[in-house]
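As you go down the protein sequences, you meet chains A and B in turn. Mind the numbering: the first sequence is residues 1 to 330 in the UniProt record's numbering, read in order. Mind the numbering: the second sequence is residues 1 to 330 in the UniProt record's numbering, read in order. Glycine residues also receive a C-beta, built at the ideal position from the N, C-alpha and C atoms.
2 protein chains.
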Amino acid sequence: MAVVTSADVARASGVSRTTVSYVLNGTPGTTISAATRARVLEAAERLGYAPSAAARTLRRGRSDLVVVVLPHWPIGPVVDALLDRLTTDLAERGLSVLVHHGRGRRPLADLWRHVSPRAVVGLAPFDPAELDAMRRAGITPVGALVGRDGRDPAPDPAAYAGAQEGIGRLQAEHLLGRGRSRLAYAAPADERLAGFAAQRLAGVRAACAAAGAAHPLVAEVPPDPDAAAEVCRVWAAAGVDGVLAYNDEVALAVLAGLRAVGARVPEDVAVVGVDDEPAARLAVPPLSTVQQEIEVEADHLAAVTLATLDGRAVPPHPPTSVRLVVRGSS
Amino acid sequence: MAVVTSADVARASGVSRTTVSYVLNGTPGTTISAATRARVLEAAERLGYAPSAAARTLRRGRSDLVVVVLPHWPIGPVVDALLDRLTTDLAERGLSVLVHHGRGRRPLADLWRHVSPRAVVGLAPFDPAELDAMRRAGITPVGALVGRDGRDPAPDPAAYAGAQEGIGRLQAEHLLGRGRSRLAYAAPADERLAGFAAQRLAGVRAACAAAGAAHPLVAEVPPDPDAAAEVCRVWAAAGVDGVLAYNDEVALAVLAGLRAVGARVPEDVAVVGVDDEPAARLAVPPLSTVQQEIEVEADHLAAVTLATLDGRAVPPHPPTSVRLVVRGSS
DNA sequence: CTGAAAGCGCTTACAG
DNA sequence: CTGAAAGCGCTTACAG
């Protein structure tokens, strides 16, 4: 089954490849007779012609492919929703999105040997060597959550920190506002998440300091009922009355641990997660959580990508991208 | 920042582009002097040369890119793990994996205008029109879970059904084996999952029939405590003593619903999920579930992809890819 | 209104 | 041991 080229279509419709290209691309400024146009379209359809992406990219000097590089850490429904929306957003502008998994297993540079993206969007910061390699390959790097202040179109680790801190701060302010005064932070056991956890924790600390509350206790809570119970026993003994969890999964472990040590939620201890995963509202008790407005985030990421590609100023980050969902656990 | 080409490297090292290509690709059968080789390598490194994937693909007539097309439905940690492993597996053979989200929003054919994959792996069956378009574009389609019987390297909806049915059968046999006789099937409310749910349900029905048990009751259980309670009330009244859930998320909803109507788990009703997501072991009570051995599945999918590309016979599916994890809920 | 020709960057027979 | 040249499939000035 030989692949059909534009030359085949030209031959079949009795015109030149130029005309085929004009018709199929709807090139503006050309005037092809309706009859010719119809013949070309018919031939292309009949032969099942699909233009070669490689040739088109080579000739144009740029592709319409955007590669999203996923962080090293596990992906949940929130990121999935983000990717879906981003794909739809960018498709409206003629850009195709493809996602790279397995980051960290081998250098990103290997990928550029096999594919020529126009831009690469990172959900976590790139390191300088990666940035350099991309730019040398003519690829535009785009940072997620970058440009919150509208300043820097380049990936900036500090910008991530800002968004993450906001989450921690919101969690802490919620419990402090409900009269809880002895807070603990439940960090994830997965070390790949340590960076994010540290940033969210910084937000928690800031909120505690601002409210004049005690420094929060901190411990890793693995997704295991027994291990979680051990941590919760210590916390209960220390008089902890509120737990901020890194995300809903960690929060679920905290709920299991508290149950095991006989602490009542929310009477004795209030718990707040992050993400609003489906499991949150089904938990016992239903879990209060911080919801990231992922559609807003995706739309912004799409806007940042387009602005960066166009060389325009990066739009400011929308103000409210996180909000609290209060349920039975707080 | 002009992009560096092999001609630049040739000029900088005082050799022809031919020699640059030979050195950089380690082309076998060529004998380049060590001194020349070193000069070329040094120049490429110094200039930050990255070969053009588009040109290489055009020239070679094929790329080393494999695109995985995600199904229309929501992605959880299981699929994430599968993609990670598949990416690593295929990278060992020089293939790069990129993942397409947002299926169904627009035709896959649009994607082939922007990228030239060597193969496309579908986690759900392709429809005939898509298959046709891919083949005409010179792309090799590969079906997930295909070739279980080693017969058909082409995507085959029936092969999916086989794997899915096995899951439902395993769930049902477990509860029937524990003396439960009045089973119910908790289907997902998300209509995009209806196809899979129907296949798993078929396995449940087969197991019930084989054991001489009554036909299972069937209802959709949304991820909402109140809605789930409504369903569970009906089931409790009907004397249901065992519930098979489409996946862990649905099972969590069932647990919430049963709790709401005062049914004890597992004393009154046993519950079994699918996936072994982190939330399963943290549920109240900890959830029994069917675990898919996703690494095995990923390795097999990689093997199927390679065999299909090489025109070899597709390897048989490994025998045990699902297993039961028994916890407190059954 | 349409076609002949150049050229994107690479790889690879082929010639020396 | 190394280079000149062709050609992958496309788009786009340019010529008619």
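Problem - CA-to-CA distance, B:Glu249 to residue 374 of chain B, given in whole angstroms - result: For residue 374 of chain B there is no data in the structure shown, the boundaries of chain B being 1 and 330.
Problem - Within chain A, the residues that B:Ile75 reaches when beta carbons sit closer than 8 Å - result: Under the 8 Å cutoff, chain A gives Ile75, Pro77 and Asp80.
Exercise for the section: Measure the C-alpha to C-alpha separation of A:Pro285 and B:Arg323 and round it to an integer number of angstroms. Expected result: The straight-line gap from Cα to Cα measures roughly 30 Å.
Practice task
Answer yes or no: the CB of B:Gly48 versus the heavy atoms of the ligand FAD, is any distance below 8 Å?
Solution key: The ligand FAD is not part of this structure, which contains no ligands at all.
Problem - Nonlocal neighbours in the same chain, by C-beta distance under 7 Å from B:Leu82, ignoring five residues either side - result: Around B:Leu82: Ile294, Glu297 and Ala298.
Exercise for the section: Return the CA-CA distance between A:Leu217 and A:Tyr246, expressed in angstroms with no decimal places. Expected result: In a straight line, the C-alpha of A:Leu217 is about 13 Å away from that of A:Tyr246.
Handout entry: Partners in chain A for B:Arg281, counting only beta-carbon separations shorter than 8 Å
Key = By Cβ distance, chain A contributes Pro223, Asp224 and Pro225.
Exercise for the section: Return no unless some Cβ of chain B is closer than 9 Å to the Cβ of A:Pro153. Expected result: With a pLDDT of only 40 at A:Pro153, under 50, the local geometry of the prediction cannot be trusted, and no value is derived from it.
Practice task
Under 8 Å by Cβ, that's how I've got A:Leu70 and A:His100 pegged, so tell me the actual separation to the nearest angstrom.
Solution key: Taking 8 Å as the upper bound for CB-CB distance, A:Leu70 and A:His100 are in contact here, some 6 Å apart.
Practice task
Tell whether a beta-carbon distance below 9 Å holds between A:Gly328 and A:Val265.
Solution key: In contact: A:Gly328 and A:Val265 (Cβ atoms closer than 9 Å).
Practice task
Using 10 angstroms around the beta-carbon of A:Asp274, count the other beta-carbons present and answer buried if the total reaches 16, otherwise exposed.
Solution key: First, the amino acid is wrong: residue 274 of chain A is Val here, not Asp. Looking at its Cβ environment, which holds 16 or more other Cβ atoms inside 10 Å, A:Val274 is buried.
Exercise for the section: Decide yes or no for the touch test of the segment 226-237 of chain A against the segment 251-258 of chain A: beta carbon pairs closer than 8 Å, at least 3 of them. Expected result: Under the 8 Å Cβ criterion, the segment 226-237 of chain A counts as touching the segment 251-258 of chain A, having at least three qualifying pairs.
Problem - Distance, B:Arg11 Cα to B:Leu193 Cα - result: C-alpha of B:Leu193 to C-alpha of B:Arg11: approximately 58 Å in a straight line.
Exercise for the section: Please decide whether A:Tyr160 counts as near chain B, where near means a Cβ-Cβ distance under 9 Å. Expected result: Because the pLDDT of A:Tyr160 is 49, which lies under 50, any placement of that residue in the model is unreliable, and the number read from its coordinates should be weighed accordingly. Chain B contact via Cβ: absent.
Problem - A:Ala50, DSSP secondary structure in three states - result: The answer is coil: DSSP assigns A:Ala50 none of H, G, I, E or B.
Problem - C-beta atoms of B:Ala54 and A:Ser6 nearer than 9 Å - result: For B:Ala54 and A:Ser6, no; Cβs fall outside 9 Å.
Exercise for the section: Please report how far the alpha carbon of A:Glu267 lies from the alpha carbon of A:Leu183, in whole angstroms. Expected result: Within the model, the alpha-carbon separation for A:Glu267 versus A:Leu183 is close to 14 Å.
Handout entry: Straight-line gap, B:Ala313 to B:Leu108 (C-alpha atoms, nearest Å)
Key = Each residue's alpha carbon lies about 27 Å from the other.
Exercise for the section: Assign B:Gly239 to one of two classes, buried (16 or more other C-beta atoms within 10 Å of its C-beta) or exposed (fewer than that). Expected result: B:Gly239 counts as exposed, since fewer than 16 other C-beta atoms from the protein chains shown sit within 10 angstroms of its C-beta.
Practice task
Find the residues of chain B that neighbour A:Ser96, judging by a C-beta separation of less than 9 Å, and give them in chain order.
Solution key: Simply His100, Asp110, Leu111, Arg113, His114 and Val115.
Handout entry: Given 8 Å, three or more beta-carbon pairs between the segment 31-42 of chain B and the segment 76-93 of chain B
Key = Too few Cβ pairs lie closer than 8 Å, so no.
Practice task
Give, in chain order, every residue of the segment 115-130 of chain B whose Cβ lies closer than 8 Å to some Cβ of chain A.
Solution key: Within the segment 115-130 of chain B, contact with chain A at the beta-carbon level (separation under 8 Å) is assigned to Val115 and Ser116.
Practice task
Establish whether the CB of A:Glu277 and some CB of chain B are separated by less than 9 Å.
Solution key: The Cβ of A:Glu277 sits closer than 9 Å to at least one Cβ of chain B.
Practice task
Check B:Arg323 in the structure and name its three-state DSSP category.
Solution key: Of the three classes helix, strand and coil, the one that applies to B:Arg323 here is strand, per DSSP.
Problem - Interface positions of the segment 241-274 of chain A facing chain B (Cβ-Cβ less than 8 Å), listed along the chain - result: Answer set for the segment 241-274 of chain A: Glu249, Leu252, Ala253, Leu255, Ala256 and Arg259.
Exercise for the section: Assign B:Glu230 to one of three DSSP states: helix, strand, or coil. Expected result: Secondary structure of B:Glu230 (DSSP, three-state): helix.
Handout entry: Chain-ordered neighbours of A:Thr18 on chain B, where CB pairs are closer than 8 Å
Key = Listed along chain B is no residue with a C-beta nearer than 8 Å to that of A:Thr18; the closest approach is about 19 Å.
Practice task
Assign B:Gly242 to one of two classes, buried (16 or more other C-beta atoms within 10 Å of its C-beta) or exposed (fewer than that).
Solution key: The residue in question, B:Gly242, is buried, as its Cβ has 16 or more Cβ neighbours within 10 Å.
Practice task
Please decide whether B:Asp8 counts as near chain A, where near means a Cβ-Cβ distance under 9 Å.
Solution key: Cβ-Cβ to chain A under 9 Å: no for B:Asp8.
Handout entry: When B:Gly61, B:Val66 and B:Val15 are compared against B:Ala44, the one with the closest alpha-carbon
Key = With distances taken between Cα atoms, B:Ala44 lies closest to B:Val15.
Handout entry: is_contact[A:Asp310, chain B] using C-beta, thresh 9 Å
Key = Not closer than 9 Å to any Cβ of chain B, the Cβ of A:Asp310 fails to qualify, so no.
Practice task
Would you tell me roughly how many angstroms separate the C-alpha atoms of B:Ala207 and A:Pro316, rounded to the nearest one?
Solution key: Between the C-alpha atoms of B:Ala207 and A:Pro316 there is a straight-line separation of about 58 Å.
Handout entry: Inter-residue spacing [alpha-carbon to alpha-carbon] between B:Val204 and B:Val290
Key = B:Val204 and B:Val290: Cα-Cα distance of roughly 13 Å.
Practice task
Could you list which residues in chain A have their beta carbon closer than 8 Å to that of B:Thr140, in chain order?
Solution key: In chain order: nothing, as chain A lies at least about 11 Å away.
Problem - chain B within 9 Å of A:Glu284, Cβ atoms only - result: Checking the sequence, you will find Val at residue 284 of chain A rather than Glu. Proximity of A:Val284 to chain B, defined by a Cβ-Cβ separation below 9 Å, is satisfied.
Exercise for the section: Closer than 9 Å by beta-carbon distance: list the chain A residues that pair up with B:Ala133, in chain order. Expected result: Residues of chain A passing the Cβ test: Gly48 and Ala50.
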